[in-house]
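Below is one structure, written out as structure tokens, with a few remarks after it.
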Amino acid sequence: MAEYIILRNRDFPDIHKLDVYRENGGYEGLAAALKKKPEEVTAIVKDSGLQGRGGAAFPTGVKWGFIPKDVFPRYVVANADESEPGTFKDREIIEKNPHQLIEGIAIACYAVQANTAYIYCRGEFKYPARILEEAIQQARKAGYLGKNVMGSDFSLEIYTHLGAGAYICGEETALLESLEGKLGQPRQRPPFPAVAGLYGKPTVINNVETLANIPPILIRGAEWYRTIGTEKSPGPKIFCLSGHVNRPGNYELPLGTSLRELIYEHGGGVREDRQIKAILPAGASAPLLTAEHLDVALDYESVVAAGSMLGSASIIVMDETTDMVWLTLKTSRFFRHESCGKCTPCREGTYWLVNILERIEHGQGTREDIALLERVANQIALSRPFCLLGDFATTVVLSGLKYFREEYENHIGEKLALSFPAHPQPLVESGRTAIPPSRDLPR
Amino acid sequence: MFSPDSRAELDQILKRYPDKRSAILPTLYLAQRDYGYLTPKAMQEVAELLELDPTEVNTVAAFYTLFYREPVGKFVIQVCEDLPCALCGAEKIVSHLRERLGIEVGETTADGLFTLQTVMCVAGCDRAPVMQVNLKYFEGLTPESVDKILEELRSRSPEEEK
Ligand SMILES: Cc1cc2nc3c(=O)[nH]c(=O)nc-3n(C[C@H](O)[C@H](O)[C@H](O)COP(=O)(O)O)c2cc1C
Ligand code: SF4
Ligand code: FES
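Here the protein sequences line up with chains A and B, keeping their order. Under the working numbering, think of the first position of the first sequence as 1, with each following residue one higher. Under the working numbering, think of the first position of the second sequence as 1001, with each following residue one higher.
Structure representation (structure tokens):
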């Protein structure tokens, strides 16, 4: 892309400073919004076709339009929990281009007439959150926040709020529970947050990257925005590229860019010129793709057609040396650790997935274990876990078996010395998943 | 007891929310800073300040990994060993740290200086392998850079971390 729209810090390294941001069009989107009626702002965002960048790709303007009339106060919450393995885009926005996020939040607040917004940052963002707070203070001093924003009769306060280490708090209803000071466990939906969200009030929750898209849309218009990306997936997207590539990093490119272009042109290809074995397009949470899929366009509809999901576009590349059983164990351990413990299929299911995979990985598995692994994963999905995390936990296991079943079978009966020894001590354990079952493995 | 600084900070924090209960995570962070870790007494004090049931405070604290309910070292080293970092040699960094510190993952050095933990992705995978020390990022790690970081930390007062 000729010019950065979101990662403008790449063009203007000092754009985290208010005066530099302002010299380069900063807060003009907010000024433009304040001249319009709130519902006109929502209509522009709707027309732009912007879809949520947090994973679900729900149309942002449509979401804003769900806020019921006549119920006050309302809230806007920016989701900066960014905990999906392989995702590091929101952190760059927060650290390097914080005013664009703040401006986006301010516009969203004006559109839905919310006077308070919270930015929920994962606890590990203690220092990035400080950068954000400083930017909020500057913006407030300059009259972009606080009472009578830019001389209008609209007032707004934005606060940061730190989580404390729990992936599930990225799920929007768990996030709200956590922000209310409760356990970060998902809520029953409906009611959706737009109707009854934070403190039971109408609430818009958007991802950091989604919100950073708003100021340019207000400045340049919906029509311009739609010239970028594909018809069904308009706009630019930040692709987080990691794993066995020569140049990992955030790449802001139009939606619809091919995997091949991302990995080989932008990412400099695979380390040591090895072959690609597998690609995770959405961190640990969506099915694997393989080298066969390199020509898939990275937009929401094409990745689904290829059997996976684009999600938050955390693209992890694995070369031919990667052991798929090890990989599956890795992602399964993630979900076992992050399961919030609220519902049985996910809490117990992720435990068994890890257990069986450990056995196979250690060369102690049997042929039946492979069938059992598949059965447990299918069973989790079939028993309809309370939130999507339960489904996420099955995707790498099932797609791993689909594409690489032979490799699992080759592990059977092997008493290999481990190439990746398990740690003698477990990961930081939380009180969420302390459920060491006393029973034997199901057979 | 909460330090006067923390008390003042808490007053500011409470203004942000319509409901005191929302301040539970920020208040637990203050308690952890003052007490070193979340002792039963620390959690009792948080409960009193926010007018909550101590059991509830306990349950909430237990839900999150960044609250320590047992003593930790002055520097908590959290090495990411999630998938992208693992693909880039996180394992080597963990064993190097175990060797240099002479402790296993989950343990604290006898001098009370370092606690070693392994954690899930901390959003720094483009510069893997990555660790956080008291939540500050150290990225693109090599065994050599880890040695330098340890040396630097040993010479530093942890007070400036807060
Ligand atoms: C288990 C789980 C974890 C999630 N983590 C995040 C996250 O870290 N950041 C995020 O923005 N959205 C995350 N989401 C998606 C949110 O629930 C929600 O869809 C999103 O914040 C809405 O914003 P958007 O419409 O701008 O994408 C997660 C969802 C699930 C089910
Ligand atoms: S599916 Fe997992 S994370 Fe979601 S509510 Fe159930 S136990 Fe919690
Ligand atoms: S996997 Fe280590 S920072 Fe993301």
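Ideal placement from N, C-alpha and C gives every residue a C-beta, glycine not left out. If you're wondering where the values come from, they're calculated on a predicted model, not measured in any experiment.
- Ligand 2 approaches Arg347/A closely enough that one of its heavy atoms is under 7 Å from the residue's Cβ.
- With respect to the 8 Å criterion, Leu50/A and Asn213/A are classified as neighbours on the basis of their beta carbons.
- With respect to chain A, the C-beta atom of Arg1016/B has a partner C-beta closer than 8 Å.
- Counting other Cβ atoms within 10 Å of its Cβ, Ala282/A reaches 16 or more and is therefore classed as buried.
- The stretch 210 to 247 of chain A contains, as complete beta strand (DSSP E) runs of 3+ residues, the segments 236 to 243 (chain order).
- Interface criterion met: the Cβ of Asp1126/B is under 8 Å from a Cβ in chain A.
- Separation of the CB atoms of Leu145/A and Ala139/A is rounded to 5 Å, and the pair is thereby assigned contact status at 8 Å.
- Arg1021/B reaches chain A at Glu180, Gly181 and Lys182, counting residues in chain order whose Cβ is nearer than 9 Å.
- Taking the CA atoms as reference points, Ile316/A sits about 31 Å from Glu103/A.
- For the 8 Å CB-CB criterion, Asn9/A and Lys96/A form a contact.
- Using a cutoff of 7 Å, the CB of Arg333/A does not count as near ligand 1, since none of the ligand's heavy atoms is closer than that.
- Distances taken from the Cβ of Phe386/A to the heavy atoms of ligand 2 include one shorter than 7 Å.
- Taking the C-beta atoms as reference points, Gly123/A is found no nearer than 8 Å to Gly184/A.
- In this structure, the beta-carbon distance from Leu241/A to Gly267/A falls below 8 Å.
- Considering only Gly229/A, Gly256/A, Arg274/A and Gly221/A, the residue with the shortest C-alpha distance to Gly243/A is Arg274/A.
- Nearest CB-CB separation between Pro202/A and chain B: not below the 8 Å threshold.
- Taking all protein chains in view, the Cβ of Glu92/A is crowded by 16 or more other Cβ atoms within 10 Å, so the residue is classified as buried.
- Across the stretch 313 to 331 of chain A, CB contacts with chain B closer than 9 Å involve Ser314, Ile316, Val317, Met318, Asp319, Thr322, Trp326, Leu327, Lys330 and Thr331, in sequence order along the chain.
- Across the structure, Trp352/A and Glu39/A are spaced so that their CA atoms are roughly 50 Å apart.
- At a cut-off of 8 Å between beta-carbon atoms, Met1131/B makes no contact with chain A.
- When secondary structure is reduced to three states using DSSP, Gly65/A falls in the helix class.
- Taking non-hydrogen atoms of ligand 3 into account, the C-beta of Pro248/A is found less than 7 Å away from none of them.
- When rounded, the separation of the alpha-carbon atoms in Gly1102/B and Phe1075/B is 15 Å.
- Within the stretch 25 to 54 of chain A, the complete alpha helix (DSSP H) segments at least 4 residues long are 28 to 34 and 38 to 48, listed from N- to C-terminus.
- When Cβ-Cβ separations below 8 Å define contact, Phe1138/B makes no contact with chain A.
- Checking the 7 Å criterion, the Cβ of Pro128/A is out of range of every heavy atom belonging to ligand 3.
- Closest by C-alpha distance to Glu252/A, out of Ala313/A, Arg359/A and Gly181/A, is Ala313/A.
- Secondary-structure assignment with DSSP links Gln275/A through no beta bridge to anything.
- Restricted to the stretch 116 to 149 of chain A, the alpha helix (DSSP H) segments that are unbroken, complete and at least 4 residues in length are 126 to 141, listed in chain order.
- Any Cβ of chain B closer than 8 Å to the Cβ of His337/A would place that residue at the interface, and such an atom is present.
- Residue environment: Ser285/A is assigned as buried (16 or more neighbouring CB atoms within 10 Å of its CB, all protein chains considered).
- The C-alpha of Val1057/B lies about 21 Å from the C-alpha of His337/A.
- When C-alpha distances from Val204/A are compared across Arg260/A, Pro385/A, Gln137/A and Tyr118/A, the shortest belongs to Tyr118/A.
- Judged by their CB atoms, Lys201/A and Tyr403/A are not nearer to each other than the 8 Å cut-off.
- Interface residue (Cβ-Cβ distance to chain A less than 8 Å): Asp1111/B is not classified as such.
- For Leu255/A, no beta strand (DSSP E) run applies, since DSSP gives it neither H nor E.
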